[in-house]
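Student: Take a look at this one; I'll ask things after.
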Amino acid sequence: MQTQSYIAQFYQLFVRQYGTNNLPDCSNMCHESSGAALNETVGIGKGTVTLEDIETTDCLLIMGQNPGTNHPRMLTSLEKTVENGGKIISVNPLFETGLRAFSHPQKLKGVLGKATPLASQHVPVRLNGDLPFLKGMLKSVIEANAIDPAFIETYTHGYESFLAKINAVTWKEISQQSGVSEKEIRAAANTFIQAKDAITCWAMGLTQHHNAVATIREVVNLHLITGKIGRPKSGLCPVRGHSNVQGDRSMGVWEKMPESFLAALDKEFEFTSPPKHGYDAVDSIEAMLAGKARVFIGLGGNFLSASPDTHATAAAMRQCQLTAHIATKLNRGHLITGKRGLILPCLGRTEADLQKSGPQFVTVEDSMGVVHKSEGRLEPASHQLKSETAIVCGIARATLTETRVPWLAFSENYDLIRERIQRVIPGFQDFNARVRKPGGFYLPNGVKERSFQTATGKANFTINPLSPISLESGQLLLQTFRSHDQFNTTIYGNNDRYRGIKNERRVIFLNKEDMAERNISPEQPVDITSHFKGETRTAKLFLAIPYDTPKGCAAAYYPEANVLVPLGARAETSQTPISKSVIITIAPSSHA
Ligand SMILES: Nc1nc2c(c(=O)[nH]1)N[C@H]1C(S)=C(S)[C@@H](COP(=O)(O)OP(=O)(O)OC[C@H]3O[C@@H](n4cnc5c(=O)[nH]c(N)nc54)[C@H](O)[C@@H]3O)O[C@H]1N2
Ligand SMILES: Nc1nc2c(c(=O)[nH]1)N[C@H]1C(S)=C(S)[C@@H](COP(=O)(O)OP(=O)(O)OC[C@H]3O[C@@H](n4cnc5c(=O)[nH]c(N)nc54)[C@H](O)[C@@H]3O)O[C@H]1N2
Ligand SMILES: [Mo]
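Residue numbering for the sequence shown is 104 to 695, as defined by the working numbering.
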């Protein structure tokens with residue numbers, strides 16, 4: 104579910120005072136894998152670079168991210184990177200249009216139709232081929248002796264054992280499993296090595312696989328071995344989605360927050376947080392199905408359509424005694440309810456929020472760790488609409504019998520909430536004053552100063568064994584991704600202009616040879632079946648589209664394809680559903 108910074112903070116406070124740590128949220132399905140990998144290796148769960156770093160770096164490795172559609176404002180920065188002499192390498196099964204070239208709509212050159220070429224190399228890895236690709240990058244760096252021994256010595260831990268394992272991997276394994284040749288990987292490595300500074304950006308193409316955490320840890324290894332981290336123009340950039348999904352949980356919405364956070368919260372509000380870890384998104388679905396969780400509160404989001412296995416999730420919602428959605432817009436998820444279903448409409452972010460003490464604003468944190476104000480100005484759609492803050496405070500007041508939290512005062516003046524945040528969460532001192540400055544303020548990020556707050560006190564090299572997905576004959580891997588005309592589960596239109604799709608969303612992109620082998624002709628309707636531990640799930644009537652995607656790799660849109668994502672198939676450690684590597688078979692549709 105999506106939540107803004109400080110709303111998240113007092114929502115988790117309510118949940119913990121109620122007595123659970125059950126805080127499923129969309130991070131579980133998004134950048135959880137990044138958070139898990141980064142916390143362990145560099146001691147902070149989020150990116151370590153600024154936009155300026157991106158625009159001035161020498162090499163930008165963009166893995167599993169489609170900025171043209173999902174982060175269009177980033178294209179202006181990528182254009183600057185190239186204009187400043189930086190090289191961009193795209194690592195993706197698809198050479199997405201937005202990474203090929205960019206025409207700036209506000210620049211004369213762009214208006215005249217002259218596009219700036221962006222990626223200088225495209226590496227068409229197979230789905231889930233990134234870990235072997237990164238091993239190839241590391242091997243090349245080691246062979247070229249392009250390591251940074253001083254950095255390794257001073258700042259890192261675990262180099263020797265890491266090195267021994269990398270050396271044992273063969274180029275044959277690497278190119279077979281990544282789907283790209285040694286030559287292509289060496290070319291990419293060469294660009295990375297020649298670059299004085301380098302940044303790796305990634306998004307859902309890396310985070311939603313069974314070995315996502317291992318892959319992202321390998322990205323970290325690449326930056327540690329070359330020392331390309333913790334200085335201007337070099338570092339790590341998990342490009343995020345919603346304002347709360349950086350994997351860092353600044354505001355404590357996490358089912359397993361560390362004890363230090365809970366202790367500070369307990370002290371401030373004079374209560375005892377439950378120590379037991381709570382349910383994440385997929386655990387919550389299983390708990391609802393098993394009748395172990397009986398109330399579902401959705402603070403925004405579309406849990407039904409964003410979660411894996413739509414039918415199982417629907418059954419889970421129906422098992423509940425109560426489902427309540429606090430939302431700005433109606434969505435499909437609101438239709439599938441428990442015994443009692445509530446929809447609590449709230450003010451949107453663009454609407455003015457007037458409370459007893461005057462106009463209010465909320466705060467958000469962006470991908471670069473900047474916290475700034477978000478203040479609505481528009482006349483609310485109705486004067487009966489309450490703010491999210493007022494709704495959550497109201498629920499807390501009505502539910503909690505014992506609480507020392509001044510819920511009513513909080514809902515009347517959000518500055519009071521921020522005053523408490525600064526006492527509980529490091530980095531937020533003087534919150535109310537600093538967030539009112541234009542542009543907001545940066546949260547502390549030790550990695551930028553090469554301070555790695557990990558268990559060893561240093562940046563950790565990790566060993567990440569190859570763990571390829573084994574397919575049986577006839578099977579393909581399916582990724583579920585976004586079209587141009589959608590924001591997550593909200594579909595604006597049925598076109599996907601950069602991929603040439605018009606007026607249709609039930610499509611499956613396939614390699615031409617895979618289609619020929621199965622006697623499937625262009626635009627023929629097919630049924631898709633996914634396979635997981637003997638379970639099958641089927642989605643009917645998708646049109647087959649021949650597309651430039653590696654053999655064995657297919658793609659369909661989220662959320663239409665979510666019925667195929669197995670509930671039990673999740674990434675190790677992060678538990679993120681494996682939405683980018685669903686094992687499928689296809690057959691001509693029985694319904695056509
Ligand atoms: N317009 C718009 N903007 C959005 C969103 C939206 O829905 N619409 N959603 C927001 C959110 S919450 C998020 S998290 C981000 C998502 O941003 P992205 O991560 O860019 O979103 P996806 O469409 O899931 O695209 C995944 C990309 O990874 C590639 N990919 C898939 N599997 C693999 C793989 O195994 N390896 C590699 N190397 N690449 C792979 C796909 O081909 C695709 O280009 O966007 C945010 N911004
Ligand atoms: N198969 C597959 N599944 C995926 C993904 C994938 O790539 N493939 N991506 C995953 C990712 S990265 C994410 S982040 C999740 C997204 O999962 P969600 O966050 O659950 O989905 P959204 O579609 O962004 O939710 C939109 C709804 O939020 C409500 N809303 C919008 N703004 C506000 C607000 O300000 N306040 C309140 N209270 N409500 C608001 C509206 O009702 C709107 O309909 O989906 C995940 N699911
Ligand atoms: Mo996301």
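Ideal placement from N, C-alpha and C gives every residue a C-beta, glycine not left out. All of these numbers come straight from a predicted model, not from anything done at the bench.
When every heavy atom of ligand 1 is checked, does at least one fall within less than 7 angstroms of the C-beta of GLY71?
Tutor: Lying before the first or after the last residue shown, residue 71 is absent from the chain, which here runs from 104 to 695.
Student: The alpha helix (DSSP H) that contains LYS242, what's its start and end?
Tutor: Counted from its first residue, the sequence shown places residue 242 at position 139. First-last of the alpha helix (DSSP H) with LYS242: 233–246.
Student: With DSSP collapsed to three states, give me the class of SER693.
Tutor: Indexing the sequence shown from 1 puts residue 693 at position 590. Of the three classes helix, strand and coil, the one that applies to SER693 here is coil, per DSSP.
Student: Do you know how far the Cα of PRO691 is from the Cα of SER470?
Tutor: Here residue 470 refers to the residue found at position 367 of the sequence shown. Here residue 691 refers to the residue found at position 588 of the sequence shown. Going by the C-alpha atoms only, they are around 43 angstroms apart.
Student: Is any heavy atom in ligand 2 found nearer than 7 angstroms to the beta carbon of TYR661?
Tutor: Mapped onto the sequence shown, residue 661 falls at position 558. For ligand 2, at least one heavy atom lies less than 7 angstroms from the Cβ of TYR661.
Student: Compare the C-alpha of VAL118 against each of ASP233, PRO378, VAL666, LYS683 and name the closest.
Tutor: Taking the sequence shown and counting its residues from 1, one reaches residue 118 at position 15. Of the listed residues, the one whose Cα sits closest to VAL118 is PRO378.
Student: Can you tell me which of the three DSSP states TRP357 falls into?
Tutor: Residue mapping note: residue 357 aligns to position 254 of the sequence shown, counting from 1. TRP357 falls in the coil class under three-state DSSP.
Student: When you measure from the CB of ASN231 to every non-hydrogen atom of ligand 2, does any distance come out below 7 angstroms?
Tutor: For the purposes of this step, residue 231 is identified with residue 128 of the sequence shown, where counting begins at 1. No, ligand 2 has no heavy atom inside 7 angstroms of this Cβ.
Student: Please state the DSSP three-state secondary structure of MET618.
Tutor: Locating residue 618 in the sequence shown gives position 515, counting from the first residue. MET618: helix per DSSP, three-state reduction.
Student: Buried or exposed: where does GLY401 fall if 16 or more other Cβ atoms within 10 Å of its Cβ makes it buried?
Tutor: Taking the first residue of the sequence shown as 1, we reach residue 401 at position 298. Counting Cβ neighbours within 10 Å, GLY401 comes out buried, since at least 16 surround it.
Student: Report yes if the C-beta distance between ASN173 and ARG585 is below 8 angstroms; otherwise report no.
Tutor: For the purposes of this step, residue 173 is identified with residue 70 of the sequence shown, where counting begins at 1. For the purposes of this step, residue 585 is identified with residue 482 of the sequence shown, where counting begins at 1. Against a cut-off of 8 angstroms, the Cβ pair of ARG585 and ASN173 comes out as a contact.
Student: Per DSSP, what kind of secondary structure is ARG229 in: helix, strand or coil?
Tutor: Translated into positions along the sequence shown, residue 229 becomes position 126. Three-state DSSP puts ARG229 in coil, outside helix and strand.
Student: Give me, in chain order, the residues of the same chain whose beta-carbon lies closer than 6 angstroms to that of HIS312; leave out the 5 immediate sequence neighbours on both sides.
Tutor: Along the sequence shown, one-based indexing puts residue 312 at 209. Excluding positions up to five away in sequence, the list reads ASN231, ILE681, LYS683, SER684.
Student: Contact between the segment 551–571 and the segment 659–674 is defined here as three or more beta-carbon pairs at a separation below 8 angstroms; is this criterion met?
Tutor: No contact exists between the segment 551–571 and the segment 659–674.
Student: Throw me the rounded Cβ distance for the THR329 and ALA249 pair, which I believe falls under 8 angstroms.
Tutor: Taking the sequence shown and counting its residues from 1, one reaches residue 329 at position 226. Taking the sequence shown and counting its residues from 1, one reaches residue 249 at position 146. Correct: roughly 6 angstroms between the Cβ atoms.
Student: Contact check, GLN424 vs GLY444 under 8 angstroms by CB: the rounded distance?
Tutor: Locating residue 424 in the sequence shown gives position 321, counting from the first residue. Locating residue 444 in the sequence shown gives position 341, counting from the first residue. That belief does not hold up - the Cβ atoms of GLN424 and GLY444 are roughly 10 angstroms apart, past 8 angstroms.
Student: Using the three-state DSSP reduction, which class does LEU780 fall into: helix, strand or coil?
Tutor: The structure shown does not extend to residue 780, since the chain spans only 104 to 695, so no value can be given for it.
Student: Looking at ASN169 and ligand 1, is the gap between the Cβ and the nearest heavy atom below 7 angstroms?
Tutor: What you label residue 169 is simply residue 66 of the sequence shown in a count that begins at 1. Because some heavy atom of ligand 1 lies under 7 angstroms away, the Cβ of ASN169 counts as near it: yes.
Student: Check whether the segment 204–217 and the segment 243–258 touch, using three or more Cβ-Cβ pairs below 8 angstroms as the test.
Tutor: The answer is no - the segment 243–258 does not touch the segment 204–217, with fewer than three Cβ pairs under 8 angstroms.
Student: Have a look at the DSSP bridge pairing and note the partners of ASN564.
Tutor: The sequence position of residue 564 within the sequence shown is 461, counting from 1. Residue 564 is actually Phe in this sequence, not Asn. The partner list for PHE564 (beta bridge, DSSP) is empty, contrary to what the question assumes.
Student: State the DSSP-derived secondary structure class of CYS423, mapped to helix, strand or coil.
Tutor: Counting from 1 along the sequence shown, the entry for residue 423 is found at position 320. Looking at CYS423 - three-state DSSP - the assignment turns out to be coil, as it is neither helix nor strand.
Student: CA-CA distance, ILE551 and LEU141?
Tutor: Within the sequence shown, the letter at position 448 stands for residue 551. Within the sequence shown, the letter at position 38 stands for residue 141. In the sequence on display, residue 551 carries Lys and not Ile. When rounded, the distance between both Cα atoms is 13 angstroms.
Student: Pick helix, strand or coil for VAL610, following the three-state DSSP scheme.
Tutor: Here the question's residue 610 lines up with position 507 in the sequence shown. Strand at VAL610.
Student: Write down the C-beta distance between LYS336 and THR160 rounded to the nearest angstrom, noting that I regard them as a contact closer than 8 angstroms.
Tutor: The sequence position of residue 336 within the sequence shown is 233, counting from 1. The sequence position of residue 160 within the sequence shown is 57, counting from 1. So it is a contact: roughly 4 angstroms between Cβ atoms.
Student: Counting only the same chain and skipping the five closest in sequence on each side, list residues whose C-beta sits under 6 angstroms from that of ARG289.
Tutor: Start at 1 with the first residue of the sequence shown, and residue 289 comes out as number 186. SER243, listed in sequence order.
Student: Counting beta carbon pairs with one atom in the segment 134–151 and one in the segment 277–295, are three or more of them shorter than 8 angstroms?
Tutor: Judged by Cβ distances under 8 angstroms, the segment 277–295 makes no contact with the segment 134–151, as fewer than three pairs qualify.
Student: Check whether the Cβ of PRO196 lies closer than 7 angstroms to any heavy atom of ligand 4, and answer yes or no.
Tutor: Questions concerning ligand 4 fall outside what the structure shown contains, since the ligands it does hold are ligand 1, ligand 2 and ligand 3.
Student: When every heavy atom of ligand 2 is checked, does at least one fall within less than 7 angstroms of the C-beta of ALA291?
Tutor: As a first step, residue 291 must be located in the sequence shown, where it is residue number 188. Incorrect: ALA291 has no Cβ contact closer than 7 angstroms to ligand 2.
Student: Does the Cβ of CYS340 lie closer than 7 angstroms to at least one heavy atom of ligand 3?
Tutor: Taking the first residue of the sequence shown as position 1, residue 340 is located at position 237. No; taking the cut-off as 7 angstroms, the Cβ of CYS340 has no heavy atom of ligand 3 nearer than that.
Student: Could you check whether PRO571 and ASN614 sit closer than 8 angstroms to each other, using their CB atoms as the reference points?
Tutor: The residue you call residue 614 lines up with position 511 of the sequence shown. The residue you call residue 571 lines up with position 468 of the sequence shown. No, they are not a contact pair.
Student: Could you name the residues of the same chain whose beta carbon sits closer than 7 angstroms to that of TYR382, not counting the 5 residues immediately before and after it, in chain order?
Tutor: Residue mapping note: residue 382 aligns to position 279 of the sequence shown, counting from 1. Contacts found: ASN125, PRO127, GLU358, ALA390, ALA396.
Student: With hydrogens ignored, establish whether the beta-carbon of LYS551 is closer than 7 angstroms to any heavy atom of ligand 2.
Tutor: Translated into positions along the sequence shown, residue 551 becomes position 448. Not under cutoff, so the answer is no.
Student: May I have the straight-line CA-CA distance separating PHE590 from ASP456, to the nearest angstrom?
Tutor: On the sequence shown, position 487 is the one that residue 590 refers to. On the sequence shown, position 353 is the one that residue 456 refers to. About 24 angstroms.
Student: Is CYS162 near ligand 2, in the sense that its beta carbon is under 7 angstroms from a heavy atom of that ligand?
Tutor: Here the question's residue 162 lines up with position 59 in the sequence shown. Not so, every heavy atom of ligand 2 lies at least 7 angstroms from the Cβ.
Student: I want to know whether the segment 532–544 touches the segment 129–138 - three or more CB-CB distances under 8 angstroms.
Tutor: These segments do not touch.
Student: On the DSSP bridge list, what partners appear for MET166?
Tutor: Reading the sequence shown from its first residue, position 63 is the one you call residue 166. DSSP output for MET166 lists VAL194, TRP305 as bridge partner(s).
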